[in-house]
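A.B. asks: By the count of the numbering used here, the sequence shown reaches residue 173 at its end, each step adding exactly one. Ideal Cβ positions, reconstructed from N, Cα and C, are used throughout, including at glycine. Keep in mind the model is a prediction, meaning the values are calculated, not measured.
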Amino acid sequence: MRRSCLALLALLASAPLHAQSPDDPDYERIEKSPPTQEEIDGVILIPSIQNGISYIGGGVGVVERKALDQWARDYTLRIEMALKSGEYVGDKQVRILDAQGAVLIEARSDGPLFYTMLPTGRYVIEIRNGSVEPQRREVTISADQQRRAFFVWP
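Structure representation (structure tokens):
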């Protein structure tokens, strides 16, 4: 038995690593196939709270994006971050300030989507991408719909 396991281990260790590339025939199917509801339901989402305001970031991969879309549909603000090419990006510093300039939320987004449950009012959103000057958007939140804010980098 031990000899069989060692032989299998040696075989696996000698196998070449297979990285996905655009030339691979399965490349398009990796992100493009729609997730099943079972896959979506299997995603564990844990929101955070700062200053009494719930928020959650994520959206890495199709399954997590769909789970966030379903789970956070009642959140009042959806922030999306992408490159000019349309490719989603994450790991950005998010700051949300109220109309008086007080910081309500300061957090790193775990993915290209960031949802918050802000009360009705006017806010400034700042997204920092490394050492580059932060991008800013002003938003007005109303109780009857989810507001969306888009941030794009070259």
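What separation, rounded to the nearest whole angstrom, lies between the Cα atoms of Arg166 and Val143?
C.D. replies: 13 Å
A.B. asks: What residues in its chain sit with their C-beta under 7 Å from that of Ser161, if we drop five residues either side in the sequence?
C.D. replies: Thr139
A.B. asks: With Val108 and Pro131 assumed to form a contact (beta carbons below 8 Å), what rounded beta-carbon distance in angstroms separates them?
C.D. replies: 6 Å
A.B. asks: Just to confirm, are Ala224 and Tyr134 a CB contact at a threshold of 8 Å?
C.D. replies: What the structure shows of the chain is the stretch from 20 to 173, and residue 224 is not part of that stretch, so it cannot be assessed.
A.B. asks: Let me check one thing: in DSSP terms, what residues is Glu135 bridge-paired to?
C.D. replies: Reading off the sequence shown, one finds Thr at residue 135, where the question assumed Glu. DSSP lists Tyr74, Leu96 as partners of Thr135.
A.B. asks: At 4 residues or longer, and completely inside the stretch 134 to 165: list those alpha helix (DSSP H) runs for me, N to C.
C.D. replies: Entirely contained in the stretch 134 to 165, not one alpha helix (DSSP H) run reaches 4 residues.
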